[in-house]
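The block underneath contains the structure these notes are about, expressed in structure tokens.
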Amino acid sequence: MEIDGEDDYFVKNTPPKNINEVERKTKEFMKYQQEKGRRIVLVTSGGTTVPLENQTVRFVDNFSAGTRGSASAEYFIENGYAVIFLYRQHSLRPYSRHYSHSKNCFLDMLDIDKDNIIVNDKYKESMKSILERYKKTKAENLLLEIDFFTVKDYFFYLNKITKILATMEEKSMYYLAAAVSDFFIPPERMVEHKIQSGEGALKLSLDQVPKFLKPLVSEWAPKGFIVSFKLETDPALLISKARKALKRYGHQIVIGNMLLTRKKVVHFITNDEERKIEMTEEELNNGIEIETKIISELIKKHDQWINQSEANN
Ligand code: PMT
1471 MEIDGEDDYF VKNTPPKNIN EVERKTKEFM KYQQEKGRRI VLVTSGGTTV PLENQTVRFV
1531 DNFSAGTRGS ASAEYFIENG YAVIFLYRQH SLRPYSRHYS HSKNCFLDML DIDKDNIIVN
1591 DKYKESMKSI LERYKKTKAE NLLLEIDFFT VKDYFFYLNK ITKILATMEE KSMYYLAAAV
1651 SDFFIPPERM VEHKIQSGEG ALKLSLDQVP KFLKPLVSEW APKGFIVSFK LETDPALLIS
1711 KARKALKRYG HQIVIGNMLL TRKKVVHFIT NDEERKIEMT EEELNNGIEI ETKIISELIK
1771 KHDQWINQSE ANN
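In the numbering used here, the protein residues as written are 1471 to 1783.
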């Protein structure tokens, strides 16, 4: 099947079963936040999978733990934004991320005291602070979480949510940190059952998915503030490819990062500037995350984007 573009893709592929429910929840969430006068950011996070069988046993995956997205969601919330968190099932989520890694198993933070379970003194302070922020977020309804597994479902949700948020025009932001597959198996070439071994090497042929950033910028949310990421492993390519993406899609900012240094250095590429944001050793040793710097910079740029559009109207 030739995939010409966006419309073709959404016609030829089957939407996720709960797409109407996601639509309803998104509209409800947006209405609530608008009544409170809050801005909303859509944060995408985690890797997308490309199943090899309809009844999926095997799939091709994209690298991402979901650290960038889940940490960023927390910092957006701390700065007054409401967040729609579109994340890969079982990847890191805001707040719970502090306890879900194997290095940080929550069971090691607990003790048994007769019939009670208590938090070990060593962890009390930090856990209290995270718990307080988590409870406040819930109480104030600042976070809507929607999970995906396949790249196809990711695109359906992205399309639906973006088009709903776009009605907030400049006040909406799109922070596309998910690691999105560029390839997929079109529905008519997908086998139903588990691919059997015993017939030699497995040869796969994947089609290219349409670059959805293009319609997202020009049609789905033309007034929104759009941030995409560029991930590379070859340092010689990073800046030029990030700049190329900015030019090609015409959105506001591309954040370039290298696989091995993504927690220490990122590059902000806009039409007017190219800036490196870097963590010092001291900041890293003190547990400060690069996302605090990324988010505070982006909020300033989002303010400018809103002010500029108000001045033009
Ligand atoms: O989760 P962590 O472990 O913390 O890692 C974070 C990260 C490295 C995954 C993150 O910082 C990052 O770089 N995410 C984007 C990775 C990626 O998909 O890069 P790309 O070069 O393949 O795509 C560039 C952009 O185009 C992305 O913002 C994506 O939303 C968009 N895209 C990609 C494919 C596609 N078919 N359509 C798209 O619109």
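Where is the CB? At the ideal position from N, CA and C, for every residue including glycine. All values reported here derive from a predicted model rather than from experimental measurement.
Among LYS1770, LEU1612, ALA1636, ALA1649, which has the Cα closest to the Cα of TYR1502? Here residue 1502 corresponds to residue number 32 of the sequence shown, with the count starting at 1. Closest option to TYR1502, Cα to Cα, is LEU1612.
Quick one: what's LEU1614 bridged to in DSSP? Translated into the one-based positions of the sequence shown, residue 1614 becomes position 144. Bridge partners of LEU1614: ILE1554.
For MET1643, count neighbouring C-beta atoms within 10 Å of its own C-beta (all shown protein chains included) and say buried if the count is 16 or more, exposed if not. Within the sequence shown, numbered from 1, the residue matching residue 1643 stands at position 173. By the neighbour-count rule (16 or more Cβ atoms within 10 Å), MET1643 is buried.
By how many angstroms is the C-alpha of ILE1489 removed from the C-alpha of ARG1713? On the sequence shown, residue 1713 is found 243 positions in, with the first residue counted as 1. On the sequence shown, residue 1489 is found 19 positions in, with the first residue counted as 1. One C-alpha to the other measures close to 34 Å.
Which residue comes first and which comes last in the beta strand (DSSP E) that contains LEU1580? Position 110 of the sequence shown, counted from the start, is the residue given in the question as residue 1580. LEU1580 -> beta strand (DSSP E) spans 1580-1583.
Is it buried or exposed for GLY1757, if we count other Cβ within 10 angstroms and need 16 for buried? As a first step, residue 1757 must be located in the sequence shown, where it is residue number 287. Classification for GLY1757: exposed.
How about the segment 1601-1609 and the segment 1629-1645: do they share at least three Cβ pairs that are nearer than 8 Å? no
At a threshold of 8 Å, does PHE1626 count as lining the ligand PMT (C-beta to nearest heavy atom)? Residue mapping note: residue 1626 aligns to position 156 of the sequence shown, counting from 1. No; taking the cut-off as 8 Å, the Cβ of PHE1626 has no heavy atom of the ligand PMT nearer than that.
Following a CB-centred definition, is ALA1691 positioned closer than 8 Å to any heavy atom of the ligand PMT? Counting from 1 along the sequence shown, the entry for residue 1691 is found at position 221. ALA1691: no, Cβ never under 8 Å from the ligand PMT.
Taking C-alpha atoms, which residue in PRO1521, ALA1647, GLN1504 lies nearest to LEU1674? Sequence index remark: in the sequence shown, residue 1674 carries index 204 (1-based). Of the candidates PRO1521, ALA1647, GLN1504, the one whose C-alpha sits nearest the C-alpha of LEU1674 is PRO1521.
What's the gap between the Cα of GLU1472 and the Cα of GLN1678? As a position in the sequence shown, residue 1472 is number 2, starting the count at 1. As a position in the sequence shown, residue 1678 is number 208, starting the count at 1. Annotation note: pLDDT 42 at GLU1472 (below 50); position unreliable, coordinate value reported separately. Cα-Cα distance, rounded: 10 Å.
Give a yes or no on contact between the segment 1553-1572 and the segment 1528-1539, applying the rule of three or more CB pairs nearer than 8 Å. yes
Which residues in the same chain have their Cβ closer than 6 Å to the Cβ of HIS1568, if we skip the five residues on either side of it in sequence? Stepping through the sequence shown from its first residue, residue 1568 is reached at position 98. For HIS1568, where only same-chain residues beyond five positions count, the Cβ hits under 6 Å are ILE1600.
Extract the residue ranges of the alpha helix (DSSP H) inside the segment 1609-1687, only unbroken runs of 4 or more that lie entirely within it. 1621-1635
Residues bridged to PRO1485 [DSSP beta-bridge criterion]: Position 15 of the sequence shown, counted from the first residue, corresponds to residue 1485. Partner(s): none; PRO1485 has no beta bridge.
Whether or not the segment 1719-1731 and the segment 1761-1775 are in contact is what I'm after, with contact meaning three or more pairs of Cβ atoms, one per stretch, closer than 8 Å; do they touch? yes
May I ask you to verify whether the segment 1541-1553 touches the segment 1759-1769, counting CB pairs closer than 8 Å and requiring at least 3? yes
Under 8 Å, with one C-beta from each stretch per pair, do the segment 1651-1668 and the segment 1478-1496 reach the 3-pair mark? yes
Grouping DSSP H, G and I as helix and E and B as strand, with all else coil, what is ASN1532? Residue mapping note: residue 1532 aligns to position 62 of the sequence shown, counting from 1. Correct three-state label for ASN1532: coil.
Take the Cβ of LEU1730 as the centre, count every other Cβ of all protein chains shown within 10 Å, and call the residue buried at 16 or more, exposed below. Taking the first residue of the sequence shown as 1, we reach residue 1730 at position 260. Label assigned to LEU1730: exposed.
What span of residues does the beta strand (DSSP E) with PRO1521 cover, start to end? Here residue 1521 corresponds to residue number 51 of the sequence shown, with the count starting at 1. Start and end: 1519-1521.
Applying the 10 Å Cβ sphere with the 16-neighbour rule, what's the burial state of PRO1564? Here residue 1564 refers to the residue found at position 94 of the sequence shown. Classification for PRO1564: buried.
Nonlocal neighbours in the same chain, by C-beta distance under 7 Å from ASP1652, ignoring five residues either side: Along the sequence shown, one-based indexing puts residue 1652 at 182. Excluding positions up to five away in sequence, the list reads GLN1678, VAL1679.
Relative to the alpha-carbon of PRO1486, which residue among PHE1618, LEU1754, PRO1692, ASN1782 has its alpha-carbon at the smallest distance? The residue given as residue 1486 occupies position 16 in the sequence shown. When only C-alpha atoms are compared, the closest one is PHE1618.
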